[in-house]
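Asks: In our numbering, the protein residues as written are 30 to 584.
Below you will find the structure I want to go over with you.
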Amino acid sequence: MREQDRRDPETHDPSRFETHRVDAPPPSFEPRDLWADDVALREGIALAGAQGHADSLQAYGRLAGDELYRLGFDANRDRPRLRTHDRHGRRIDVVEFHPAYHRLLEQAKAHGVAGLSWQEKGRRAHVARAALSYLHHQAEAGTSCPLTMTHAAVPVLRREPALREWADKAAAPRYDPRDVPVAGKAGLTIGMGMTEKQGGSDVRSNATTATPLPAGDGYALVGHKWFFSAPMSDGFLVLAQAPGGLACFLMPRRLADGTKNAFRLMRLKDKLGDWANASSEVEFCGAQAWRVGEEGRGVATILEMVMLTRLDCMLGAAAEVRMALAQALHHARHRRAFGRRLVEHPLMANVLADLAIESEAATSFALHVAAVVDAAATDREAAAFARIATAIGKYWLCRRAPVLVNEAQECLGGAGYVEDSILPRLYRQAPLNSIWEGSGNIQCLDVLRALSREPAATRALHDALERAAASHPLLEREAAGLNQQLAAAEVPEAQARSLVERLALVLQGSALLAVGSPLAEAFLRSRLGGEHGLAMGTLPSDLDFTGILSRALPV
């Protein structure tokens, strides 16, 4: 008998060395239709009168939940790289990105994430664009930075006839990553450089100078920016001190003759999150730029964009919470522990339902504000309300996002802490929107400033509180207390956060009622009625957790 035939068959059976068995692991999250999954999004679009865009939104929801979702992992795994010089020693200041980054921007621009608001008049284009941004941000948040800046820059650039080409190409549904002058492009992106080392949020302390050039060739910029966002953009909106005071400028990356403008990228920021996108530090060495708005009116010019960028911060926070909830609920429906699926355990169901309530409130409020922004161009009251509501919403929704994403991570346990999951990326990303475009204190102080100096904003907020009060007893009680506080001669600065938080909760509850959400009562009882603790998962036990979770994400 041959040697191999005398071997013990059990000894050489590979199955004997299987150390464990995984029964029914949760399936992959993707592909999913992020539009079809999101009842609150669809209802908000219908209430805002943007139903005419439903087919486009559905198409992008499918794309975001499949190709863009997968591309997001590649774009964040391979971070941008700065090349200051070429192999011959020439200064080039080029940032190289993974191809996934460019594909994400290509698809976003093509579908209107940066320009739909300006391409279509009427038809609630701002609301539809907000929904596109919300869907895109769920798949990949880093690319939302240049998309947001490009979108917000369009109306400011359109005010300057000489910059009309820039405005039109920023709004165009075309993405062109080539480093060439704007004349050779069908579409472009816009970055920003506002913050300096000595100033931070206090942009009036900016020291960069802008000296007029002869023959009307614009200005020469000399100075630095501590944060120079999306440094491969075609142009940048920059604040600098002109002879007549602080002013806003458009600085092109490439001049008309093809030469690189006179700036130097010093380094890329090593950031907590937002890895797919690059942020840099820059020095201006006589860079040519064109003034946008009047000298001395730089802050006022930038403030024209603030309402739009704050809205996108709200949308981004709502999107991150929505994706985190979807990940947690998908996992809990398939993962078994202690003899049952996770979602069948009452305490886990309480946590997930709490997340679902907060997610829907964030989405509904952000879409409501988007509808108000849409109406602001022709409605003074809407413009006044948008002015203050975007500050309120940015503060509260962005403040909540890190806490809520972390709760979703806990639902997955260790699996929610490793990079194979999207949740670590969401958690790193979650604090960004609360810091960018003015941190929490800046937003709350801006609300106080509006209440003390802008009667139209105060009236608009009062009217919103009156409408809320008429819709539910808990809102009536809370609105009465807020109106009493607002009627005081001056709200103490130290109470600003408390005031803005209460305003946000009332406006969220009102938005849920306006859309007819079945979660409105649970939100009001838990957030305003005292039936909730300081942590998530402390909802009253008589709520229909199963119904809430069925609404949150289709099985």
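Even glycine gets a Cβ: it sits at the ideal position worked out from N, Cα and C.
#1: Closer than 6 Å by C-beta to M280: which residues in its own chain qualify, once you throw out the five before and the five after it? Chain order, please.
#2: Once the 5 residues before and after D95 are set aside, which same chain residues still bring their CB inside 8 Å of it?
#3: Express the C-alpha separation of L176 and Q227 in angstroms, rounding to a whole number.
#4: Does the beta-carbon distance from S309 to K298 come in below 8 Å?
#5: Using alpha carbons as the reference points, say which of A239, Q537, R351, L426 lies closest to L455.
#6: Where in the region 153-229 do unbroken runs of the beta strand (DSSP E), each at least 3 residues long, occur, reported from the N-terminal end onward?
#7: Is it the case that the Cβ atoms of A357 and L384 are separated by a distance below 8 Å?
#8: Could you check the C-alpha separation between A430 and K423 for me, to the nearest Å?
#9: With a threshold of 16 other CB atoms inside 10 Å of the CB of L133, please say whether the residue is buried or exposed.
#10: Between the region 324-331 and the region 137-156, do at least 3 Cβ pairs fall closer than 8 Å?
#11: Look up Q611 in the DSSP assignment and give the residues it is bridged to.
#12: If I follow the unbroken beta strand (DSSP E) through L250, where does it start and stop?
#13: Return helix, strand or coil for P569, following the three-state DSSP convention.
#14: With burial defined as no fewer than 16 other Cβ atoms inside 10 Å of the residue's Cβ, what is the status of L578: buried or exposed?
#15: CB-CB under 6 Å to A412, same chain, minus the five flanking residues each way: which ones, in chain order?
#16: Between the C-alpha atoms of C473 and A415, what's the straight-line distance to the nearest angstrom?
#17: For G220 versus K254, is the C-beta distance shorter than 8 Å?
#18: Hey, out of L433, V156, E495, T338, whose CA is closest to I386's CA?
#19: Rounded to whole angstroms, what's the CA-CA distance from G229 to A77? Just pull it up for me.
#20: First and last residue of the alpha helix (DSSP H) that includes E125?
#21: Can you find the residues in the same chain that come closer than 6 Å, C-beta to C-beta, to Y98, ignoring five residues on each side of it along the sequence?
#22: Which whole-angstrom value describes the C-beta separation of L490 and D303, a residue pair presumed to lie in contact below a C-beta threshold of 8 Å?
#23: What residue from A390, Q87, L111 has the CA that sits closest to R158's CA?
#24: Please give the ranges of any alpha helix (DSSP H) in the region 349-430, keeping only runs that are unbroken, at least 4 residues long and fully inside the region.
#25: Can you give me the Cβ contacts of V529 inside the same chain, cut-off strictly under 6 Å, excluding the 5 residues immediately before and after it?
#26: Do you know whose CA, among R478, A543, E507, lies nearest V520's CA?
#27: Could you tell me how far apart the beta carbons of C314 and A285 are, in whole angstroms, since I believe they sit closer than 8 Å?
#28: Quick one, are the C-beta atoms of A93 and E389 less than 8 Å apart?
#29: For M30 and D42, I'd like the C-alpha separation in whole angstroms.
#30: Considering G90, what are the terminal residues of the alpha helix (DSSP H) in which it resides?
#31: Between which two residues does the beta strand (DSSP E) harbouring R112 extend?
#32: DSSP three-state call for P587: helix, strand or coil?
#33: Work out the CA separation of G345 and L161 for me, nearest whole Å.
#34: May I ask you to report which of helix, strand or coil DSSP gives F313?
#35: Let me know the secondary structure DSSP gives R478 once reduced to three states.
Replies: Concretely, from the data shown:
#1: F265, V267, A316, A318
#2: E59, P60, R61
#3: 28 Å
#4: A contact, by the Cβ cut-off of 8 Å.
#5: R351
#6: 219-222
#7: yes
#8: 11 Å
#9: The Cβ neighbour count for L133, taken over all protein chains shown within 10 Å, is at least 16; the residue is labelled buried.
#10: no
#11: This structure cannot settle anything about residue 611, because the visible part of the chain is limited to 30 through 584.
#12: 248-258
#13: coil
#14: buried
#15: A405
#16: For C473 and A415, the distance between alpha carbons rounds to 15 Å.
#17: Contact flag unset, no.
#18: L433
#19: 37 Å
#20: Secondary structure note for E125: it is in no alpha helix (DSSP H), and the uninterrupted beta strand (DSSP E) holding it is 120-125.
#21: E59, A168
#22: Not really, about 32 Å apart at Cβ, beyond 8 Å.
#23: Among A390, Q87, L111, the Cα nearest to that of R158 is on Q87.
#24: 375-404
#25: I421, Y424, C473, V476
#26: R478
#27: Contact doesn't hold; Cβ gap of about 19 Å is too wide.
#28: no
#29: Low confidence applies to M30: its pLDDT is 48, below 50, so where it sits in the model is not reliable, and the reading given next is rough at best. So the alpha carbons of these two residues sit roughly 20 Å apart.
#30: 83-93
#31: Per DSSP, R112 belongs to the beta strand (DSSP E) from 110-114.
#32: This structure cannot settle anything about residue 587, because the visible part of the chain is limited to 30 through 584.
#33: 11 Å
#34: strand
#35: Assigned with DSSP and collapsed to three states, R478 falls in helix.
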